[in-house]
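*Asks:* If you're matching positions, the sequence shown starts at 0 in numbering that gives the first Met the number 0 and goes up one per residue.
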Amino acid sequence: MANERISVVQGDITLERVDAIVNAANSSLLGGGGVDGAIHRAAGPKLLTECRRIGGCDTGEAVVTGGYRLPAKWVIHTVGPVWHGGGLGEAELLTNCYRNALRLAVENGARTVAFPSISTGAYRYPVDEASRIAIRTVSEFLSVDDTIEEVRFVCFDTHTYSAYQRALEEHLGTQGLPRNSASP
Ligand code: AR6
0 MANERISVVQ GDITLERVDA IVNAANSSLL GGGGVDGAIH RAAGPKLLTE
50 CRRIGGCDTG EAVVTGGYRL PAKWVIHTVG PVWHGGGLGE AELLTNCYRN
100 ALRLAVENGA RTVAFPSIST GAYRYPVDEA SRIAIRTVSE FLSVDDTIEE
150 VRFVCFDTHT YSAYQRALEE HLGTQGLPRN SASP
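The following block contains the structure:
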């Protein structure tokens with residue numbers, strides 16, 4: 000079941016022991032604040048060197064680098080959309096971020112992947128909407144992929160954590176499948 004491979008936790012993504020963590024980067028790939036800054040600090044300077052070599056990444060796209068000093072073997076950098084009110088294709092771009100990041104995870108053989116809440120910090124995407132897109136897109140991806148064993152949403156603060164939990168519960172509800180329900 001795709002949904003049983005999705006979990007929501009509260010914490011710092013740089014500490015996650017998964018094959019790949021996803022970075023909410025900007026299109027320069029040269030680092031920044033928020034989760035991007037935390038990932039670069041924890042990975043060490045060689046991450047920036049590799050990002051510089053790649054040269055940049057468009058909104059909605061994703062690129063992969065090594066994880067260097069991180070517990071994760073890979074960092075998948077994706078660039079979320081800046082929220083401008085929803086009329087500039089933000090939902091589609093955010094969907095592309097999750098899809099393209101997971102596609103790269105599969106191509107590199109990652110079996111466990113951790114995501115932060117892309118675009119809901121400095122880029123101001125409303126977290127209720129962003130969390131629904133994140134859960135739905137990952138669930139759809141996992142329903143046609145059987146190589147990824149776990150996708151973990153790592154939420155930094157309580158507000159974000161609650162939104163993702165709610166989005167996951169709602170998603171399970173729309174599918175009429177209670178989580179971990181026993182078979183009759
Ligand atoms: N672990 C998990 N989540 C975190 C961590 C962490 N260590 N630190 C922050 N968050 P943001 P964006 C959460 O702003 O909105 C950067 O400067 C944070 O609380 O990091 O996509 C880039 O360079 C929030 O819930 O990413 C770009 O310029 C979520 O991560 C720009 O910000 C995303 O917030 C990208 O903005």
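For glycine and all other residues, C-beta sits at the position ideal for the given N, C-alpha and C.
1. Could you compute how far the alpha carbon of E3 sits from the alpha carbon of V150?
2. Do V74 and I147 have their C-beta atoms closer together than 8 angstroms?
3. Look up N2 in the DSSP assignment and give the residues it is bridged to.
4. Report buried or exposed for P183, applying the criterion of at least 16 other Cβ atoms within 10 angstroms of its Cβ.
5. Compute every distance between the C-beta of P184 and the non-hydrogen atoms of the ligand AR6, then say whether any falls below 7 angstroms.
6. How about T77 and A61: are their beta carbons less than 8 angstroms apart?
7. Measure the CB-CB distance between N22 and V34 and report whether it falls below 8 angstroms.
8. Taking 7 angstroms as the cut-off, is the CB of T159 close to at least one heavy atom of the ligand AR6?
9. At what residues does the beta strand (DSSP E) containing H83 begin and finish?
10. Whole angstroms is fine: what's the gap from T94's alpha carbon to G32's?
11. Tell me whether C154 sits in a helix, a strand or coil according to DSSP, three-state version.
12. Pick from E168, T119, H158 and V153: whose alpha carbon is nearest that of L14?
13. Assuming contact is defined by CB atoms lying nearer than 8 angstroms, are I134 and I5 in contact in what I supplied?
14. DSSP puts E149 in a beta bridge; with which residues?
15. Leaving aside the five residues before and after G55 along the sequence, list all residues of the same chain whose C-beta is less than 7 angstroms from its C-beta, in chain order.
16. Taking the continuous alpha helix (DSSP H) assigned at I38, which residues delimit it?
*Replies:* Walking through what the data contain:
1. Translated into the one-based positions of the sequence shown, residue 3 becomes position 4. Translated into the one-based positions of the sequence shown, residue 150 becomes position 151. C-alpha separation (whole angstroms): 10 angstroms.
2. Here residue 74 refers to the residue found at position 75 of the sequence shown. Here residue 147 refers to the residue found at position 148 of the sequence shown. Cβ atoms of V74 and I147: not closer than 8 angstroms.
3. Position 3 of the sequence shown holds residue 2. DSSP lists no partner for N2.
4. For this step, residue 183 is matched to residue 184 along the sequence shown. Confidence is the limiting factor: at P183 the pLDDT is only 44, short of 50, which leaves the residue's position unreliable, though a coordinate-based value still follows. So P183 ends up on the exposed side.
5. For residue 184 there is no data in the structure shown, the boundaries of the chain being 0 and 183.
6. Locating residue 77 in the sequence shown gives position 78, where the first residue counts as 1. Locating residue 61 in the sequence shown gives position 62, where the first residue counts as 1. Contact flag set, yes.
7. The residue labelled residue 22 in the question sits at position 23 within the sequence shown. The residue labelled residue 34 in the question sits at position 35 within the sequence shown. Yes, these two residues count as a Cβ contact at 8 angstroms.
8. As a working mapping, residue 159 is identified with position 160 in the sequence shown. Answer for T159: yes, Cβ within range of the ligand AR6.
9. Walking along the sequence shown from the start, residue 83 turns up at place 84. First-last for H83: undefined, no H or E at that position.
10. Within the sequence shown, residue 94 is the residue found at index 95, counting from 1. Within the sequence shown, residue 32 is the residue found at index 33, counting from 1. Spanning the two alpha carbons is a distance of roughly 22 angstroms.
11. Residue numbering aside, residue 154 sits at position 155 when the sequence shown is read from its first letter. DSSP places C154 in strand when its eight states are reduced to three.
12. As a working mapping, residue 14 is identified with position 15 in the sequence shown. Selected option, being the one with the closest Cα: V153.
13. Position 135 of the sequence shown, counted from the start, is the residue given in the question as residue 134. Position 6 of the sequence shown, counted from the start, is the residue given in the question as residue 5. Yes, these two residues count as a Cβ contact at 8 angstroms.
14. For the purposes of this step, residue 149 is identified with residue 150 of the sequence shown, where counting begins at 1. Its beta-bridge partners are T111.
15. The residue labelled residue 55 in the question sits at position 56 within the sequence shown. Here the set comprises S26, S27 and L28.
16. By one-based count along the sequence shown, residue 38 stands at place 39. First-last of the alpha helix (DSSP H) with I38: G33 to A42.
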